[in-house]
Amino acid sequence: MKGKILLHTCCGVCASHCVRVLKEDSWEPTLFFFNPNIYPHEEYLRRKAAAEQLAQAEGIPLVEDTPDHEVWREAVAEGFEDCKEGGARCARCFHFSLARAAARMQELGCEAFTTSLTVSPHKRSALLHAIGREVGGDSFVPYDFKKKNGFLDSNRRAAELGLYRQIYCGCEYSVRHREPFSVAILGMGYRGGVYAQWALEHPDDLRVVAIAEPNPALRAQWAERLNLPPEAVFEDWRQALDVPGLEAAIVALPDRLHFPAAEAALARRLHLLLEKPVGATWEECVSLDAAVRESGRLVQVGHILRFTPYYEKIAELIHGGELGRLVSIRHLEPVGYRKAAHAFCRGPFGQTTKTTPMIVQKCSHDFDLFAWWVGKRCVSAQSFGGLNHFRPECAPTGAAARCLDCPAAIERNCPYSAIKLLREGHDLLYAMHDATPAGIETELREGPYGRCVYACDNDAVDHQIVTLLFEGGVTAQHCMESYTWGRDRETRVFLTNGEIIGNARTLDIYCFSDRSHTRWDAALEAGGATHESGYVMGNGGLLHDWVWTLRTLPPSLYPDRFHESIQAHAMAFAAEASRLSGGDPVPIATL
């Protein structure tokens, strides 16, 4: 045997051929996985898992040198962001990684080192050899692994072993110089407007080539802002899907249209950003899951909370391990008495026959958080709740059908008065097409938002409690409550070595082992992310993740992405089935 050699491993696929060659040359290889350039972290974990799989199959050791992407950015990419792939930035990256391999070689008991990078036809072996000798001298062995069909052999070997195969080098800058995706936005209300504005601010990522909106004023407003010609502006969403050259669609229509629009878009082989809920029934969710698999397209669900700094921090604390194992979660969604009256009585979500159950419409975000934090499948749901107060029999004696017509003494003392909510509550005007003073008065006289809260033909619940059981015994209790003061979600997380208490702005973190208490403040720790800006960052994070996933994730993994997202819907629909049964536990549907 020649001895032990450290193989700097860029990925399991490339290394699969290199290991065979090294063994044939009488080396004992150790895989050295040091790749701080790989972005995002999920991609890093996929490639690491493939390298570990290879090491196990070959019966050889693997050593991971923990990456620090920010250090890599400063040391390698800063000032070289605009370099094309294969240029100076890549040379600096090679130097950074091979220098670390040279430094760790003897420590890890190896006499020599080399790199799997030379198996790629896109990497210049001569450059890699020169850098290897510069940082390691004679201890660097200049293999050119692409010789003798090395690249083809690596793909064959990877297929035999079932290794994950990436579609880009790993560096975030290698995918930045691609053409933006051409999208149609279906529905130009509040959510559609948020997405359109992001596209305007990120022209290298998305190009809006068509919109659909039934409201003529809103349609004209966005057509002008997006500089769209008349032939790209539609009243009917179906027409927008047939625009030539379309690659993707954003579905921000009313809830009951999410499923038919998504189904039609997938039939046209379009990628989707789909607002939640993805379906009005669990059967629609299952049907859409099948359509996603058949189409081979990426569907990203609009769960924005997991992209906000605050909720990302909770995930980091749970998964970091310092606070022990996760045991249970208690979570409050304080809908707020004003929003409950406005949106879930008078507004579009008051009647479940026209939308979805409130626990699905309002709380699939929350169930998505639970699935993310727990990391295991939810197996059962139990729920209680109902419509307690917003009912005709609870109306004050003498109340009128519209708040403008209500006797002054009754209206003045009613906390749910539409006059108060619309004239004073600017935060409730986002869904109104005309939020001017004149538009508000017209709404109060003629529109649905001016009705008495006790006379809206609504059947959405005003309170609901859900208990969820996950594999491994972790539990989560979720409370959706209308009768609360205006504030955001509150969360308590219980772990074997600590407790986390949060209010969507700050986190109080208690560690049992060292008796410590620290406070994490989003406004201080997350780049000045206040409560409001955190949601803005969540919207941007969602869109960035969608575009980045389209550019970097192998299409074979697209269906799994959607499948994971709708587990939150499975929990919500199971919870509603339990509530309707009077609280019987309901097993969570599996697809």
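Using our numbering, read the sequence shown as starting at 127 and increasing by one per residue.
Positions of the beta carbon are idealized from the N, C-alpha and C atoms, including for glycine.
One alpha carbon belongs to Glu420, the other to Lys174, and they sit about 29 Å apart. Separation of the CB atoms of Ala564 and Leu555 is rounded to 13 Å, and the pair is thereby denied contact status at 8 Å.
Scanning Lys272, Gln232, Asp264 and Ala322 for the CA closest to the CA of Ser251 turns up Lys272. Per DSSP, Asp492 is one residue of the alpha helix (DSSP H) stretching across Met484 to Val500.
Judged by beta-carbon spacing, Phe307 lies beyond the 8 Å limit of Ala387, meaning their Cβ atoms are not closer than that value. Lys465 counts as buried, since at least 16 other C-beta atoms from the protein chains shown sit within 10 angstroms of its C-beta.
Spatial neighbours of Lys439 in its own chain (CB-CB distance under 7 Å, excluding positions within 5 residues in sequence) are listed in chain order as Leu633 and Trp646.
Around Leu669, the same chain offers Trp324 as residues with beta carbons nearer than 6 Å, after the five sequence neighbours per side are excluded. Beta bridge pairing from DSSP links Glu459 with Met606.
Per DSSP, Arg645 is one residue of the beta strand (DSSP E) stretching across Ser642 to Asp647. Of Asp710, His134, Ile430 and Val500, the smallest CA-CA separation from Pro268 is found for His134.
For Glu625, the enclosing beta strand (DSSP E) has its first and last residue at Gly624 to Gly628.
Around the beta-carbon of Ser707, fewer than 16 other beta-carbon atoms lie within 10 Å, marking it exposed.
By the CB criterion at 8 Å, Tyr684 and Tyr463 fall outside the cutoff.
Here Cys411 is near His695, since their CB atoms are less than 8 Å apart. Beta-bridge partners assigned by DSSP to Pro155: Ile131.
Sequence-distant partners of Val712 (beyond 5 residues in either direction) whose C-beta falls short of 6 Å from its own C-beta, in its chain, are Ala507, Ala700, Ala703 and Ser704. Excluding the 5 residues flanking it on each side, Leu513 has same chain C-beta neighbours closer than 8 Å at Asn584, Asp585, Ala586, Val587 and Asp588, in chain order.
In this structure, the alpha-carbon of Ile257 lies about 39 Å from that of Pro435. Residue pairing by DSSP places Ile376 opposite Ile311 and Leu399 in a beta bridge. Ala310 and Leu367 do touch by the CB rule: their CB atoms are close to 6 Å apart, below 8 Å.
Comparing alpha-carbon positions, the option among Gln603, His167, Ala183 and Ser242 lying closest to Leu148 turns out to be Ser242. Nearest neighbour of Ala648 by Cα position, chosen from Thr156, Phe266, Ala630 and Leu326, turns out to be Ala630.
Membership of Phe220 in the alpha helix (DSSP H) is indicated by the continuous run Ala214 to Met231.
Residue range Gly276 to Leu287 is occupied by the alpha helix (DSSP H) that includes Arg283. Within a 10 Å sphere around the beta-carbon of Glu459 sit 16 or more other beta-carbons, which makes this residue buried. About 7 Å separates the CB atoms of Thr240 and Phe266; that is less than 8 Å, so the two are in contact.
Taken in chain order, the unbroken stretches of alpha helix (DSSP H) that lie wholly in the region 310-379 and span 4 residues or more are 316-327, 342-351 and 363-366.
Rounded to whole angstroms, the Cβ separation of Val592 and Ile714 is 12 Å, and the two are not in contact under 8 Å. Per the DSSP secondary-structure output, Ala507 pairs in a beta bridge with Leu594 and Val712. The shortest CA-to-CA distance from Arg282 to any of Glu448, Ile131 and Cys144 is the one to Cys144.
For Cys637, the uninterrupted beta strand (DSSP E) segment begins and ends at Thr632 to Cys637.
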